[in-house]
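Undergrad: Numbering (our numbering), first residue to last: 8 to 227. Structure below; questions to follow.
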Amino acid sequence: MVCTAGFFLCSVRGVVDPAHVTVFLDWQNVYNHAREAFHTSGEHHTKGQVDPVDLAEVLTARIESGKLTAIRIYRGMPDNAYDPHGYAAARRQQTAWQRDPRVIVTNRNLRYPDGYIHRRSPVAEVKEKGIDVALALDLVTMATDGAYDLAILMSCDHDLAPAVERVVARRATRGEGPEVAVASWKKNLGKSPRMWLTRGNVFCHWLDQQDYWGMTDERN
Numbered sequence: 008m009v010c011t012a013g014f015f016l017c018s019v020r021g022v023v024d025p026a027h028v029t030v031f032l033d034w035q036n037v038y039n040h041a042r043e044a045f046h047t048s049g050e051h052h053t054k055g056q057v058d059p060v061d062l063a064e065v066l067t068a069r070i071e072s073g074k075l076t077a078i079r080i081y082r083g084m085p086d087n088a089y090d091p092h093g094y095a096a097a098r099r100q101q102t103a104w105q106r107d108p109r110v111i112v113t114n115r116n117l118r119y120p121d122g123y124i125h126r127r128s129p130v131a132e133v134k135e136k137g138i139d140v141a142l143a144l145d146l147v148t149m150a151t152d153g154a155y156d157l158a159i160l161m162s163c164d165h166d167l168a169p170a171v172e173r174v175v176a177r178r179a180t181r182g183e184g185p186e187v188a189v190a191s192w193k194k195n196l197g198k199s200p201r202m203w204l205t206r207g208n209v210f211c212h213w214l215d216q217q218d219y220w221g222m223t224d225e226r227n
């Protein structure tokens, strides 16, 4: 039996137990907002890439008695038929990530419009489909299964808010169960985006430029 308060887990006898932390990364959202926060739009496409293991470790280090048990990455995968170079690069990147056994990657093929030609058609026409659904399902299902004590979700996509609210409501109703927090990049200037819930909010871990420079990954 455990009690929780502000991400601190303790047994009824007062002995601190490790809080099993799972970090959920909406990868394209993490990348795009890093570019918006710390780079200009014209900089090389590698700017904004971070090492997901370093990112997850930094977030978990902020949790007293936190133990990082899983890093779940959700990303759109280029189609080899439309973009063989992007597909090969994404596969190499994913292989590098998965050298750490805690990393679990969920891919969904990107959707291309009819007549799409790589390097000629607008990149904006290529869309991610199913990423939000896959992440939301895992966040809620794993909470129900007791697969984590604390989930930290890094995404500013408000389509994911209902899943976060479901985990929060479950804990509020039962008086026990896993907690959830969010994370976001903190800009040097201007308002920094974060996920907002319909009612109330969960704690947000802000990562500033100093945090960012410590986890950048500029491999092409």
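We treat Cβ as the ideally placed atom computed from N, Cα and C, and that holds for glycine.
Assuming Ala26 is part of the beta strand (DSSP E), what are its boundary residues?
TA: Counting from one through the sequence shown, the residue named residue 26 turns up at place 19. Taken as a continuous stretch (DSSP letters only), the beta strand (DSSP E) holding Ala26 covers 26-33.
Undergrad: Would you kindly check if the distance between the Cβ of Ala188 and the Cβ of Trp213 is under 9 Å?
TA: As a first step, residue 213 must be located in the sequence shown, where it is residue number 206. As a first step, residue 188 must be located in the sequence shown, where it is residue number 181. No.
Undergrad: Helix, strand or coil: how does DSSP classify Arg99 here?
TA: In the sequence shown, the residue the question calls residue 99 occupies position 92. Helix, per DSSP.
Undergrad: In chain order, which beta strand (DSSP E) runs of at least 3 residues are fully inside the stretch 58-123?
TA: Counting only runs of 3 or more, we get 73-84, 110-116.
Undergrad: In chain order, what residues of the same chain have a beta carbon less than 8 Å from the beta carbon of Tyr219, not counting five sequence neighbours either side?
TA: As a first step, residue 219 is located in the sequence shown; it is residue number 212 there, counting from the start. Here the set comprises Ala41, Ala44, Phe45, Val57, Trp192.
Undergrad: Any idea if Leu157 is buried or exposed, counting beta-carbon neighbours within 10 angstroms, 16 or more meaning buried?
TA: Along the sequence shown, one-based indexing puts residue 157 at 150. With 16 or more Cβ atoms within 10 Å of its Cβ, Leu157 is classed as buried.
Undergrad: Just to confirm before moving on: does the CB-CB distance between Leu75 and Val28 stay below 9 Å?
TA: By one-based count along the sequence shown, residue 75 stands at place 68. By one-based count along the sequence shown, residue 28 stands at place 21. The answer is yes: Cβ separation under 9 Å.
Undergrad: Do you know whose CA, among Leu142, Ala26, Glu50, Lys54, lies nearest Met222's CA?
TA: In the sequence shown, counting from the first residue as 1, residue 222 sits at position 215. Checking every option, the nearest Cα to that of Met222 belongs to Lys54.
Undergrad: What number of angstroms, rounded off, separates the C-alpha of Ala26 from the C-alpha of Glu64?
TA: Locating residue 26 in the sequence shown gives position 19, where the first residue counts as 1. Locating residue 64 in the sequence shown gives position 57, where the first residue counts as 1. The alpha-carbon atoms of Ala26 and Glu64 are separated by roughly 14 Å.
Undergrad: May I ask you to verify whether the stretch 76-84 touches the stretch 119-126, counting CB pairs closer than 8 Å and requiring at least 3?
TA: Judged by Cβ distances under 8 Å, the stretch 76-84 makes no contact with the stretch 119-126, as fewer than three pairs qualify.
Undergrad: In three-state DSSP terms, what is Val175?
TA: On the sequence shown, residue 175 is found 168 positions in, with the first residue counted as 1. Reduced to three states, the DSSP call for Val175 is helix.
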